[in-house]
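Before any comments, here is the structure.
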Amino acid sequence: MEIDLTVQIGKLKLKNPILLASGTVGYGNEISQFIDLSKIGGIVTKSISLKPRKGNPPQRICETPSGMLNAIGLANVGLEAFIKEKIPFLKKLNTTIICNIAASSIEEYVECTKVLNEEESIAAFEINVSCPNVKEGGLEFGNNLDAVARITEKVKSVTNKTVIIKLSPNVSRISDFAKVVKENGGDAVSAINTLVGTSFNIWTRKPKIKNITGGLSGPAIKPIALAKVLEISRNVDIPIIGIGGIMNWKDAVEFMIVGASAVQLGTVNFINPFAALEILDGMKTYCEKMSISKISELTASYILDEH
Amino acid sequence: MVIEKARVISLSKISNNYYLIKVHSPLIAREIKPGQFCNIKVSDTDFPLLRRPFSICDVENDNLIFAFDIHGEGTKILASKKPDDILDILGPLGNGFNLEGSYELAIIIGGGIGIAPFPFLVKNLPNNVAVKCFIGGKTSEHLIKYNLKNIYTATDDGSEGFHGNVVDLFNNEIKNFLTKNFRIFACGPTQMLRSLQKIALEKNYDCQLSVECAMACGFGICQGCPIEKSNGDGYYLVCKDGPIFNADMIIV
């Protein structure tokens, strides 16, 4: 059976619903030594800011039960080097490039988008308003409805490409944020970014991460992420890219059922760089077994009560 | 860089808390160089979730040997492996030691489990290079001499060899060495590397340090393992730019 794997995120058509999450595949060069990225839906590049950022001092990561904390601090090469040094390589990958942008002011988001809009190889933007690990521009935007509204509107005014707003789970009602994104012209949301967490060494009484808190990711957060995606799906009519602890094809299918049009893989890339292709194969087999001819039919196919 | 499902051949305890595990991993065994490492998934469940990095200790034909101590949950599981169990190994990773050049003497300095990369290094030194090994540990039980030769020992409690730390021992002995044309290769606790680095920079010694850092992926995508550049220009990644750095490149 030939299964139609394509999915639609706003104006953006993906060849399949598997994306690699920002900050977990750099700019594609390392992971492309393991998998052919042209076979997946696309990659979301590491957050780019106007100027280079050197990131946080060590220790940046630690493992927690079924998860990990990270506080990388948006280490990145900056807009200029990204265009000069990274884009030529990204073009060769023959996959959809979604460029993630981080900023510490609304003007910076707009400036980055405006400049990168000229790059033909960038298919869409994911706006990071939810990094938990930087002082400015992270959660102070991500948990402020007005800020998310203004960022969405201003970014949309300088590009015709698909704009995805990456939402924070560290808010009381994530669907309110998705609503604001939609009202201000945003094409889609991705959910969720990491959850703020911490871990202490009981012998030294010091935090295991230099930044004190970090973003929790991995299978530990999957039930929360699913609940957030479902909440958005039930309250707002906007495409959702589901993220949070996907380790295998079953997890990916589960995200689509609760409302995601596509999914992003993050932490799993660190453990199994082949995961994206394995998950894609598993999803195809699932569709065959379930006689699903278009994978997009899975999106929001949840059944909440049986009569 | 490949992922290999490697069959465990043997696990042996070499002292109270130190183990050697030998696995059949032909693809990695053919490629790996001294000072490089592998990132090993010790279970096929989500616990522990991440791989664990281990320096290559030795290579015998198609087999890899890793030395480790029980440090946390991951190494506890590794120490429970039986022959024919399968380990999921990603490697070879990192840059490895630079063995090229015209030095006459290789000076090995290792603290505790920090000796791990040296048996394979000693095996791969150019033929005309002599070797002296300085090994330190808390007690005589913490000294690992596996496949090393010309050994000088130091223990914190004085139970074997020099009573004190291994860097002080090296600093005492170096005066007696006839050649000044040597290269130092060191691996061990941060404090040990720091004090060695200070001496190496003062005396302008040719010195390569193998550093460690918590990491997730081991090949550059998570950016979890920074180490500060000595020139003030941000960070290197231990996994990709290291784990071996010349003493003047980094702030330990």
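Chains A and B are the protein sequences, given in the same order.
Going letter by letter, the first sequence gives residues 7 to 313 in this note's numbering.
Going letter by letter, the second sequence gives residues 116 to 367 in this note's numbering.
All residues carry an ideal CB built from backbone N, CA and C; glycine is no exception.
Which residue's Cα is closest to the Cα of residue i: the options?
i	options	result
residue 223/A	261/A, 194/A, 216/A, 71/A	71/A
residue 53/A	172/A, 67/A, 157/A, 10/A	172/A
residue 135/B	144/B, 337/B, 123/B, 176/B	123/B
residue 130/A	310/A, 164/A, 235/A	164/A
residue 204/A	50/A, 51/A, 68/A, 110/A	68/A
residue 305/A	87/A, 265/A, 201/A	265/A
residue 365/B	316/B, 257/B, 237/B	316/B
residue 204/B	195/B, 197/B, 191/B, 181/B	181/B
residue 29/A	288/A, 51/A, 308/A, 207/A	51/A
residue 13/A	208/A, 27/A, 102/A, 228/A	102/A
residue 306/B	367/B, 252/B, 362/B, 353/B	367/B
residue 32/A	289/A, 65/A, 66/A, 96/A	96/A
residue 127/A	116/A, 98/A, 111/A, 112/A	98/A
residue 336/B	347/B, 176/B, 354/B, 346/B	354/B
residue 160/B	192/B, 198/B, 177/B, 275/B	192/B
residue 250/A	238/A, 239/A, 233/A, 237/A	233/A
residue 308/B	361/B, 196/B, 264/B, 125/B	361/B
residue 259/A	35/A, 293/A, 7/A	293/A
residue 190/B	344/B, 169/B, 252/B, 347/B	169/B
What residue range does the beta strand (DSSP E) around residue i cover?
i	result
residue 307/B	No beta strand (DSSP E) contains residue 307/B, which is instead part of the alpha helix (DSSP H) from 305-318.
residue 120/B	117-128
residue 169/A	168-172
residue 156/B	152-156
residue 274/A	Element bounds for residue 274/A: not the beta strand (DSSP E) but the alpha helix (DSSP H), 274-277.
residue 194/A	194-197
residue 244/B	Taken as a continuous stretch (DSSP letters only), residue 244/B belongs to no beta strand (DSSP E), as it is neither H nor E.
residue 298/B	297-302
residue 167/B	167-170
residue 221/B	220-226
residue 19/A	18-20
residue 267/A	Element bounds for residue 267/A: n/a, residue is neither H nor E.
residue 252/A	From DSSP, residue 252/A is part of no beta strand (DSSP E); its letter is neither H nor E.
By the three-class DSSP mapping on this structure, what secondary structure does residue i have?
i	result
residue 250/B	strand
residue 115/A	helix
residue 88/A	helix
residue 232/B	coil
residue 42/A	coil
residue 141/B	helix
residue 341/B	strand
residue 94/A	helix
residue 155/A	helix
residue 237/B	helix
residue 212/A	strand
residue 223/A	strand
residue 212/B	coil
residue 26/A	strand
residue 58/B	Chain B is shown only over 116 to 367; residue 58/B falls outside these bounds and no answer can be derived.
residue 302/A	helix
residue 307/A	coil
residue 366/B	coil
For the alpha helix (DSSP H) that contains residue i, what are its first and last residues?
i	result
residue 181/A	180-189
residue 292/A	281-295
residue 288/B	281-288
residue 174/B	It is not in any alpha helix (DSSP H) - residue 174/B instead sits in the beta strand (DSSP E) that spans 173-175.
residue 237/A	228-241
residue 190/B	188-193
residue 52/A	Unbroken run through residue 52/A is the beta strand (DSSP E), 48-54; no alpha helix (DSSP H).
residue 258/A	255-263
Throw me the rounded Cβ distance for the residue i and residue j pair, which I believe falls under 8 Å.
i	j	result
residue 272/B	residue 294/B	Not a contact, Cβ separation roughly 32 Å.
residue 207/B	residue 146/B	5 Å
residue 148/B	residue 211/B	4 Å
residue 284/B	residue 267/B	6 Å
residue 184/B	residue 132/B	5 Å
residue 154/A	residue 121/A	The pair is not a contact, with the Cβ atoms about 22 Å apart (cut-off 8 Å).
residue 357/B	residue 209/B	6 Å
Kindly list, in the order they appear in chain C, the residues whose Cβ is closer than 7 Å to that of residue i.
i	result
residue 276/A	The structure shown contains no chain C; its protein chains are A and B.
Return yes when at least one heavy atom of the ligand ADP lies under 7 Å from the C-beta of residue i, else no.
i	result
residue 201/A	Judged by which ligands are present, the structure shown has none, so any question about the ligand ADP falls away.
Give a yes or no on contact between the stretch 120-139 of chain A and the stretch 147-155 of chain A, applying the rule of three or more CB pairs nearer than 8 Å.
A contact is defined here as three or more CB-CB pairs under 8 Å, and the stretch 120-139 of chain A meets this definition with respect to the stretch 147-155 of chain A.
For the stretch 139-148 of chain B and the stretch 289-301 of chain A, state whether three or more C-beta atom pairs, one from each stretch, are separated by less than 8 Å.
In the pairwise beta carbon analysis, the stretch 139-148 of chain B is classified as not touching the stretch 289-301 of chain A: fewer than three pairs are separated by under 8 Å.
Does the stretch 208-219 of chain A touch the stretch 73-86 of chain A, meaning 3 or more C-beta pairs lie closer than 8 Å?
In this structure the stretch 73-86 of chain A touches the stretch 208-219 of chain A; the number of beta carbon pairs closer than 8 Å is three or more.
Are at least three pairs of beta-carbons, each pair with one atom in the stretch 239-251 of chain B and one in the stretch 153-162 of chain B, less than 8 Å apart?
No, because fewer than three Cβ pairs between the stretch 239-251 of chain B and the stretch 153-162 of chain B fall closer than 8 Å, the two stretches do not touch.
On the three-pair Cβ rule with 8 Å, is the stretch 208-228 of chain B touching the stretch 319-334 of chain B?
In this structure the stretch 208-228 of chain B touches the stretch 319-334 of chain B; the number of beta carbon pairs closer than 8 Å is three or more.
Is the number of C-beta pairs between the stretch 41-52 of chain A and the stretch 297-311 of chain B that are closer than 8 Å three or more?
Judged by Cβ distances under 8 Å, the stretch 41-52 of chain A makes no contact with the stretch 297-311 of chain B, as fewer than three pairs qualify.
Any contact between the stretch 16-26 of chain A and the stretch 247-266 of chain A? By contact I mean 3 or more CB pairs, one from each, below 8 Å.
They touch, by the three-pair rule.
Any 3 or more C-beta pairs closer than 8 Å across the stretch 191-210 of chain A and the stretch 175-183 of chain A
Counting Cβ pairs under 8 Å, three or more are found: they touch.
Taking contact to mean 3 or more Cβ pairs, one atom from each stretch, closer than 8 Å, check whether the stretch 188-199 of chain A and the stretch 239-254 of chain A are in contact.
They touch, by the three-pair rule.
Does the stretch 164-180 of chain B come into contact with the stretch 328-343 of chain B, if we say contact requires no fewer than three beta-carbon pairs (one atom in each stretch) closer than 8 Å?
Yes, the stretch 164-180 of chain B touches the stretch 328-343 of chain B.
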